[in-house]
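Numbering (the numbering used here), first residue to last: 79 to 1084.
We treat Cβ as the ideally placed atom computed from N, Cα and C, and that holds for glycine.
No experiment lies behind these values; they were computed from the predicted model shown.
Structure first, commentary second.
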């Protein structure tokens, strides 16, 4: 104790004297610099900056702080030389630089602490050399310094080569080795002496000790395999003694450089010297002893970087040794030694945990690196050493026991308080190691079919233990294991399903083997996970709460799949037909748990009913219900009835959820399909009755709407009635012109009865309906169909009259009379009030169509031409009556349309009388046409006297012009003189008489 106290006092005195000398030098330089500034010396910026840098270096050396880089001083020169310039704001480090610096401070610190002791002897020499260099640099003599240094270095190498020559020529192998051992011992002894007697030179002494140890290793190498002066056993003993001595020195003086030399030399020299090649077991045992000693030394000298280097070096040596093992060598010995490394490094990493440090910063990163690397190294090397997968699985499974014991008895093994955070960290690490090793053991031992199930059980156990003891890392490992198990089992289950695919109609041919068991296991695992998370809801994180709903959703998916596939094993086609059972359960489950996913997933089961339907259609080649196989027919009926059953289920459960609107729409679709469900079959198998079947569909739609009051039925009814009318009319045309043998006339007459029934039931002829609310609602629903009844009656009149008379023109004339009669005599009927214009226009268009028929008959010289002329005269009279006669309905139709209709009437009348004159007169019909045009123009001229027909003057003048041109250019060419005289006189008299009468009427009006 006294000697140590004296050495400390001596070192303190030396430090005080050294610092005093440096402080005096600094004050002298600072005084000189201030004097230069006051005198206004025009020194260059470079010299001033160098002086400032020297002062900063001296001050940093005096205070014991590291000096800043030279570029910082150079950046500061503008601020020193120009005080008026504002200093630039320092740039803040970027986020990327901050992140990089934050992630590697411990590495920089470790490298600095590793290199600094080894370079301490050089620092003692380097500092004076740098002082000399700066001195010569200030004087501008830097080249002199470099040349001097190069000369000294050349002399040193010259003397070294001189010593090598003398050493090689005058000393033999024994002398060289003996001299080497003497030099190594002297160097080591000198380092020890420096460290003990001069504490201020402890770093220098450590460097000498390290140099002596290195020389001892080299001498052992030269004495053994190089010169073979001693047997192998003695050489091994020299290396072991050297390693032990260096370890004791490192432990005694707590020096880092010696400990590093001990580790590197002790681990690598045996391999370099080829001492342990015959027995890897001996070398690995030696390496294990060395590694454990280095871990102890690392804890004693408080230098964790040594443990990391030991881990890296041990991993490399283990890999090298294992890769060079002979095939005949037993691997159980190296495998046993591997366990020593595994538990030794684990003990180092888990011992000495600081609760305060863990609470503030978490577990140290260096410990995490050692733990992770140790686990990976153990798994990798044991995988390489194990003779087979079963042995490997047994080894990993047996390692579960120590870790479980560590999780239970951590306070006895490490001395932690049972409630401390350090003990909790040890327990979590033990559970993580045990869970991972157990999972790998299962992977090695179990068959692929059961691997997922065992992993699933392990994952659930880890989640339970992590929730029970509050270890989120253990739960995370459990989630990973459970995810891997889920993916494995799901893949095997889907492979099982894919392997059972069969041709239609069976589709799936399954058997109760491991694939079916995987579906059941998935269902059970999802259920267990959901219940486990719900049970531990107060001990898990918010993110894990989301896994509860995910697990519950996965449960309903796997439950439905398991049920359907189980049915498919016994009854392949029945798994599709019984899809409604899980659908009902899932909808009920969604109501109970509030899960929208469960509800919508249940509704999606409805689509499974279309699978047997499509399979049946692929067999028969069509979608007709009548041709489908029994399973297809059952699926069709079931799909149809399910549209109503889903809504009934929602109503029974009193659910007002997101799927309720879909259920209501499905129910509407069901009622909309009821009236037309049988139509495709009727059309396909009994198309003769199709016109009657369509009217029956309309009647069903009317009955359903009367009872249910659904909007979709109302729209369907408004589509079915016109559609049935169109089908009845088209069927009559097909029967007439395409020789179709259906009940067309029956359908037409049934439509007539149906229209009459609609008018009666819906009170279509009443201006204001009366009765109960349902009758009023029915009236509003059928109101757009009431006018259709009158048009349908016209079509019926057309078809029946044509069927009886075989005269299409007469049928058209009767239709014109019907429309004109409605327009003239029944405009006040409620259904026709908004259809007066169509009635009016249809009457005129029918007249035009009859005119076309007459002209065509005259051109074709048909025998029906006289009768068509007669029909056309009647049609012309009806059209003239509608155009000229003022009726009650004309007040709604004439405004804006009368002039157009007048033009149309008179232009259509021209071909009428032209065709009649061509039929009556055989020779003089061309002059008669000219005369008729003049008469027509004259009549139009008289009509222009009325204000509302003034604009007919253009048409009158046009007709006069046409008549004149015809007479001059055409008629007069072939006339004799007498004929020309007669024609001209008649036209002249007619024109004069017309002019007289026109003037007379005009004078009377004025």
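CA nearest to the CA of residue i, picked from the options
i	options	result
residue 878	949, 953, 825 and 1017	825
residue 329	343, 630, 377 and 907	377
residue 910	889, 842 and 921	842
residue 479	443, 519 and 764	519
residue 946	558, 937, 931 and 259	931
residue 868	881, 834, 847 and 94	834
residue 870	429, 557, 893 and 593	893
residue 944	919, 992, 962 and 914	992
residue 456	443, 470 and 466	470
residue 315	267, 364, 90 and 550	364
residue 797	810, 817 and 773	773
Residue range of the alpha helix (DSSP H) that includes residue i
i	result
residue 735	Where residue 735 is concerned, there is no enclosing alpha helix (DSSP H), given that its DSSP letter is neither H nor E.
residue 448	443-463
residue 924	914-937
residue 878	864-883
residue 669	658-671
residue 467	467-476
residue 755	That residue, residue 755, is in no alpha helix (DSSP H); it is neither H nor E in DSSP.
residue 1087	In the structure as shown, the chain starts at 79 and stops at 1084, and residue 1087 therefore has no counterpart that could be examined.
residue 910	Segment: none, residue 910 is in no alpha helix (DSSP H) and carries neither H nor E.
residue 368	358-378
residue 593	592-613
residue 845	Residue 845 -> no alpha helix (DSSP H), and no H or E assigned at all.
residue 1126	With the chain covering 79 to 1084 only, the question about residue 1126 has no answer from this structure.
residue 624	620-648
residue 851	851-860
Residue i - DSSP class collapsed to helix/strand/coil
i	result
residue 760	helix
residue 579	strand
residue 586	strand
residue 816	coil
residue 770	helix
residue 905	coil
residue 98	helix
residue 569	helix
residue 793	helix
residue 961	helix
residue 320	helix
residue 90	helix
residue 788	coil
residue 549	coil
residue 840	coil
residue 821	coil
residue 494	coil
residue 405	coil
Distance CB(residue i)-CB(residue j) smaller than 8 angstroms
i	j	result
residue 373	residue 422	yes
residue 555	residue 514	yes
residue 840	residue 866	no
residue 408	residue 333	no
residue 585	residue 693	yes
residue 290	residue 262	yes
residue 566	residue 597	no
residue 753	residue 789	no
residue 984	residue 948	no
residue 335	residue 264	no
residue 600	residue 625	no
residue 903	residue 917	no
residue 689	residue 654	yes
Near the ligand COA: residue i beta-carbon under 7 angstroms from a heavy atom
i	result
residue 429	In the structure shown, the ligand COA is absent, as is every other ligand, since no ligand is present at all.
Nearest-angstrom Cβ-Cβ length linking residue i and residue j, presumed shorter than 8 angstroms
i	j	result
residue 473	residue 462	The pair is not a contact, with the Cβ atoms about 12 angstroms apart (cut-off 8 angstroms).
residue 545	residue 618	6 angstroms
residue 807	residue 873	5 angstroms
residue 1011	residue 1021	Actually they do not touch by this definition, with Cβ atoms about 16 angstroms apart.
CB contact below 8 angstroms: residue i versus chain B
i	result
residue 424	Of the chains in the structure shown, none is chain B; there is only one protein chain.
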